[in-house]
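Just so you know, we're using our numbering here: the sequence shown kicks off at 2 and counts up by one.
For reference, the structure is listed below as structure tokens.
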Amino acid sequence: MSNWVSKSIDTKLGGLGRFLPYWKQHDSNGALIMDTTPLDLEHLFQQLGLPSDAKAIELFIRKHTITKGLLIHQAGFWTISQQHFLAEALAEDAQWSDLIDHLDTLLRK
2 MSNWVSKSID
12 TKLGGLGRFL
22 PYWKQHDSNG
32 ALIMDTTPLD
42 LEHLFQQLGL
52 PSDAKAIELF
62 IRKHTITKGL
72 LIHQAGFWTI
82 SQQHFLAEAL
92 AEDAQWSDLI
102 DHLDTLLRK
């Protein structure tokens, strides 16, 4: 997949394109512009559609564990769209991949 998401690709993905952190936003002329979302746990949790304040993130990490042998996106506590986002971001070595790796470490306690 290229490093941008068109509206037609987003439609084919059932709206999941909003989870892909690439050249996906459009300016008033319809041109693609780069997504400049800050890369931190707060914004990763927002991308995942989860509560993203510090207490919510801490609680999530305390309540969830990834067992040995599973990849982060295979953990049973993710929704289908979250699984797709995590797997695709890692496969594409996207801008979120380092942060997803960090979250993976935190979830393996």
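Backbone N, C-alpha and C fix where the C-beta goes; we use that ideal spot for every residue, glycine too.
None of these values were measured; they are calculated from a predicted model.
Nearest candidate by alpha-carbon position, reference residue i, set the options
| i | options | result |
| --- | --- | --- |
| Gly95 | Leu40, Gly31, Ala32 | With the sequence shown as reference, residue 95 is identified as Ala, and Gly is not the correct amino acid for it. Closest by alpha carbon: Leu40. |
| Ser82 | Leu108, Arg63, Gly50, Thr37 | Gly50 |
| Thr80 | Ala32, Gln48, Ser29 | Gln48 |
| His74 | Ala32, Thr37, Leu104, Ser29 | Leu104 |
| Lys64 | Ala76, Leu71, Leu72 | Ala76 |
| Leu72 | Leu60, Lys56, Ala92 | Ala92 |
| Trp124 | Ser29, Thr68, Thr38 | With the chain represented from 2 up to 110, any question about residue 124 goes unanswered, as that position is not in the structure. |
Nonlocal neighbours in the same chain, by C-beta distance under 7 Å from residue i, ignoring five residues either side
| i | result |
| --- | --- |
| Asp99 | none |
| Lys110 | Thr66 |
| Phe78 | His65 |
Cutoff 8 Å; reference residue i; Cβ partners in own chain excluding five residues on either side
| i | result |
| --- | --- |
| Leu107 | Ile62 |
| His101 | Inspection of the sequence shows that residue 101 is occupied by Ile rather than by His. Result list for Ile101: Leu45, Ile73, Leu87, Ala90, Leu91, in chain order. |
Cβ shell of residue i (< 6 Å), same chain only, five flanking positions each side left out
| i | result |
| --- | --- |
| Ser53 | Glu43, Phe46, Gln47 |
Three-pair Cβ contact test at 8 Å for the stretch 69-88 versus the stretch 38-45: No, they do not touch.
Unbroken stretches of the alpha helix (DSSP H), 4 residues or longer, contained in the stretch 46-101: Within the stretch 46-101, the runs of alpha helix (DSSP H) at least 4 residues long that lie entirely inside it are, in chain order, 55-64, 81-92.
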